[in-house]
Amino acid sequence: SYSDILIEREVLMQKYIHLVQIVETEKIAANQLRHQLEDQDTEIERLKSEIIALNKTKERMRPYQGSQEDEDPDIKKIKKVQSFMRGWLCRRKWKTIVQDYICSPHAESMRKRNQIVFNMVEAESEYVHQLYVLVNCFLRPLRMAASSKKPPISHDDVSSIFLNSETIMFLHEIFHQGLKARIANWPTLILADLFDILLPMLNIYQEFVRNHQYSLQVLANCKQNRDFDKLLKQYEANPACEGRMLETFLTYPMFQIPRYIITLHELLAHTPHEHVERKSLEFAKSKLEELSRVMHDEVSDTENIRKNLAIERTIVEGCDILLDTSQTFIRQGSLIQVPSVERGKLSKVRLGSLSLKKEGERQCFLFTKHFLICTRSSGGKLHLLKTGGVLSLIECTLIEETDAS
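For the sequence shown, position 192 (counting from the first letter as 1) is numbered 197 according to my numbering, and the numbering increases by one without interruption.
In structure tokens:
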């Protein structure tokens with residue numbers, strides 16, 4: 006029937022299409038094989054040409070190798086000596102070049118520059134340790150003490166005494182890690198980018214300096230509290246403090262900026278003008294000098310308070326007048342206290358209970374408002390004279406005695 010014929014036609018068409026696809030696939034495979042054969046023929050020709058070239062080179066080398074085998078033993082020894090001498094002359098020439106550079110001004114300058122950087126890393130490590138002791142042996146224990154039931158100090162006083170101390174420690178820990186990373190890349194020492202990180206943070210130093218005098222005043226007031234003074238002495242007895250007082254640790258940040266200025270000045274002295282980081286170092290130095298000028302006026306006052314507190318700590322009985330911040334230290338030294346002679350008789354000694362027949366050495370301290378007279382015990386401790394140990398200069402009269410002879 007007609008429908009059967011159509012079905013057969015469809016089947017035949019599908020078979021035809023399938024056969025056409027097979028033929029196309031075979032053609033593509035044949036083309037690929039043809040290209041592979043052509044590539045292999047080309048590779049074979051290239052390898053043949055290389056073999057021919059190697060054979061020609063080998064033929065040229067045979068006479069030379071034969072002559073070497075037939076060469077006289079003495080000639081071989083001479084050539085060996087010549088080779089040794091050429092090597093020795095070459096090494097001596099390079100040694101001379103290296104020695105000339107080592108002795109050159111540029112090499113000397115680079116050695117000094119590297120030494121300055123190494124010293125800077127050591128100094129920074131010591132400074133970070135000092136800040137660590139300040140924070141961990143004083144600041145944090147006092148914060149805990151301020152939170153106790155009977156606090157010897159308030160949180161406000163702790164904040165006033167240690168303003169920015171912890172922030173300064175974190176800042177210099179980062180700076181110190183950066184320095185150590187630069188040393189790890191030696192001999193390439195690039196430091197300018199570290200100062201670029203440090204400079205924007207130096208405003209915390211300005212706050213520290215402005216507050217420093219007030220912090221010492223607060224500390225002096227707190228030390229009048231016996232509980233606080235006893236607690237502070239316990240903290241200062243910590244082996245990590247190495248016998249240094251809290252006032253000493255509070256003063257260390259005051260000298261760090263001038264120390265950086267000196268280091269940069271020395272570093273620039275040994276940095277060539279064409280050096281890649283010279284301009285950055287000069288900029289950092291100028292910024293630090295500007296900050297140092299701002300700090301300078303406030304440093305003298307804080308140094309005077311620190312000196313007064315240090316003297317007050319050396320006196321066993323203590324001395325309240327030294328807690329007066331307007332009291333300026335002038336000088337100290339030893340004086341011989343002698344009894345005065347009046348009309349051939351020994352008169353009453355005005356300064357202390359000194360024996361009438363005996364001279365005595367006194368450790369004296371001169372301030373703008375008072376004059377202190379102390380005795381030194383066998384253990385080296387100072388004791389104020391019970392009578393006349395603290396003299397108000399307003400009530401004193403200076404009498405100059407001329408030698409009768």
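By construction, the Cβ of each residue, glycine as well, lies at the ideal position given by its N, Cα and C atoms.
For residue 179, the enclosing alpha helix (DSSP H) begins and ends at 170–189. Your pair residue 168 and residue 252 does not check out as a contact, with CB atoms roughly 15 Å apart and the cut at 8 Å. Annotation: the continuous beta strand (DSSP E) that includes residue 366 extends over 365–372. In this model, residue 196 and residue 185 are separated by some 11 Å (Cα to Cα). By the CB criterion at 8 Å, residue 391 and residue 321 fall outside the cutoff. Taking a 10 Å sphere around the C-beta of residue 232, we find fewer than 16 other C-beta atoms and assign the residue as exposed. Assignment of residue 395 by DSSP, reduced to helix, strand and coil, places it in the strand class. When the Cα atoms are used, residue 122 and residue 246 turn out to be separated by approximately 27 Å. Residue burial is scored here from C-beta neighbours: residue 60 has fewer than 16 other C-beta atoms within 10 angstroms and is therefore classed as exposed. In the three-state reduction of the DSSP assignment, residue 249 falls in the coil class, being assigned neither a helical nor a strand state. One alpha carbon belongs to residue 81, the other to residue 54, and they sit about 36 Å apart. Its chain contains 180, 183, 184, 187 as the residues whose beta carbon lies nearer than 8 Å to that of residue 199, once the 5 sequence neighbours on both sides are disregarded; these appear in chain order. As the crow flies, the alpha-carbon of residue 278 is around 14 Å from that of residue 110. Look at residue 134 here: in three-state DSSP terms it is helix. Using a C-beta cut-off of 8 Å, the region 264–280 makes contact with the region 120–135, since at least three inter-stretch Cβ pairs fall below that distance.
Pairing residue 37 with residue 50, the inter-Cα distance amounts to about 20 Å. Beta-bridge partners of residue 342 (DSSP): 365. Counted as a single uninterrupted DSSP element, the alpha helix (DSSP H) harbouring residue 199 occupies residues 197–203.
At least 8 Å separates the beta-carbon of residue 332 from that of residue 388.
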